[in-house]
Structures are given as structure tokens and as C-alpha cells.
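If you read the sequence shown in my numbering, its first letter stands for residue 6, the second for the next number, and so on. We treat Cβ as the ideally placed atom computed from N, Cα and C, and that holds for glycine. A short write-up of the structure that comes next.
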Amino acid sequence: ESVTLANRLIEGQVLNAQCAEESYLLKRENCTLKKQIEELNHLNTDTNNNNHNNNNYAQTKTRDSSDFIAESDDNELEILQETVNRLSAENRRLQSTPNSELASLQEELTLVKMRDAEAQVNLNELRQRIADLNREWQLHDSTCKIARETNNISVNHDAYDLIAHELIALKMREAQTDCENKLLSQKLMDIETQKQVLHNQIKRQDDEMQRIRHELDQSRVRENELRSQLNEIRNQITDGVLRQKEDSMMLRIREAENTQALGDLRQRIAELEVQ
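Right, dumping it as C-alpha cells:
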């Protein structure tokens, strides 16, 4: 069992290394998203500067478009920032999960070592009891042999031998019963330890399931919010495109009217010069 737990510890360390690699990839993606945010901020600044350098007429007509672009950039920045936060939370989760798994394996290994230590103590006690019984049996056997060799067997001595035999038999049965009790106690302790380990595993799994459910609920709420924002952005884009087309059409109409008026004035001037 210790070897099995050691193998599981090694697997946990491998899992920790894999999670560290995933954490590194998430950090790279996080840096990429931050660069995109900086580029969008820079692009937003350039857009505002370009709009500020336009003429008064174009600035008046395109103010709504600039506001729309800025709002779209802000929404995109918010979405990217949310993605960065999500990746950071995932990174922290990946860093904490292997540590909890290793802690669980270390806890199980500690319990196994405690069971082994207690079993070793019980085994030493049984060995000592068996050694004591062997010494008593050898002493009794040698006493009986000496008595038989000297042929000094009496009724009292026979009664003493009978009592001694019964006493040794009782001690042996007591040792056997004690051994069985210790084995049952060891099995009971193993069952209790396994029960505790399984209880801890179930508790960790319940906590993990609750965390996943909470994250799932948050993800669903965030998904609905993002869908609403996406629909709103699409509507704003459609309105902005229509306003830009209308402004462009009005600008062309005014340019055509100004060109026509300029042509009429030139023609009038030419007629006056001829007169």
C-alpha cells in the first residue's frame, strides 16, 4: 500500500508539472491579451487625435461615429479584461489543485505509516508472549523429564503436572485469543482509516463540485450579459453605419449643390463681363 501511495505521489507530481506548463501557457496568453489591450488603447488615442484634427464640419458630423468607436473599443477592452481575469482565475485554480491532491496523498500515506507502526507494535507484543510461553513450556517439560528419570512421581506431583499443563494450555489459548483480538482490532482500524480517507475524498469532491457549479452559474450569467452586450453592439454598429451613410450622402449633396452654385456664379460673372 505504501508503494501504491508513493506511485500516486509521483503521478501527483507529474500532474503538478503538467499544470505548471498549462499555467505558463495561460500566462503567455494573458500577456498577449494585455498587449492587445494596449494596442487598442493606443488605437483609441490615435482615433481621438485624428478626429480632433479634422475640420469643424467633419468633427460635428462624425462626433457620433467617434463616440461609437470609443464605446466599441471600451466594450472590447472590457471583454478582454474579463478574459484576462478568467484566465488568471483558471491559473490560480490549476496551481492550487495539484497541491490539494498531493496533500490528500500525503495524508493517506501518513495514515498508512501509522497503521504499519501500530501493527509492528502489536506484532512485537505477540512475539514476546510467544517467547514467554515457549520458555515456560520448556521449563515445564524439563521438570517433567527430570521427575520421570528419577522415578519420584507421586500423586501430588501428578496433580501439579496436570495443573501446570492446564495452566500452560490456558496461557496458550489466551495468547491465541489475544492474537485474534489484535488482528480484529487491526482490521477494524484499517476499515476506520479507509472510511476516513474516503470521507475526505468525498468531501473534497463535493467542494470541487460546488466550486464548479458556482463557476458554471457565473459563466452562464456572464454569457447572458455578453450576449446582451453583443446584441447592443451590433445594433449600435448598424445605427452607426446608417448614420455614416446618411452623413456621407448629405455631404455629397451639399458638395454637389456648392459646385452647381459655383458654376452658376461663374456663368453669371462671364455674362456680366460680356455685357
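Taking 8 Å as the cut-off, the beta carbon of Leu131 is found no closer than this to the beta carbon of Lys176. The beta carbon of Cys184 sits closer than 6 Å to those of Leu131, all from its chain and outside the five residues before and after it, given in chain order. Per the Cβ contact rule, the segment 115–131 is not in contact with the segment 212–222 (fewer than 3 Cβ pairs under 8 Å). A residue is called buried when at least 16 other Cβ atoms come within 10 angstroms of its Cβ; Leu203 does not meet this threshold and is exposed.
With contacts defined as CB atoms closer than 8 Å, Ala180 and Ile135 qualify as a contacting pair. The C-beta separation of Asn205 from Glu112 comes to about 7 Å, placing the pair in contact by the 8 Å criterion. At the C-beta level, Arg120 and Thr182 stay beyond 8 Å of one another. Gln265 sits in a helix when the DSSP states are folded into three classes. CA-CA distance, Asn236 to Ser224, rounds to 18 Å. Around Trp142, the same chain offers Ile173 as residues with beta carbons nearer than 7 Å, after the five sequence neighbours per side are excluded. In the displayed model, Gln280 falls within coil according to three-state DSSP, outside both helix and strand.
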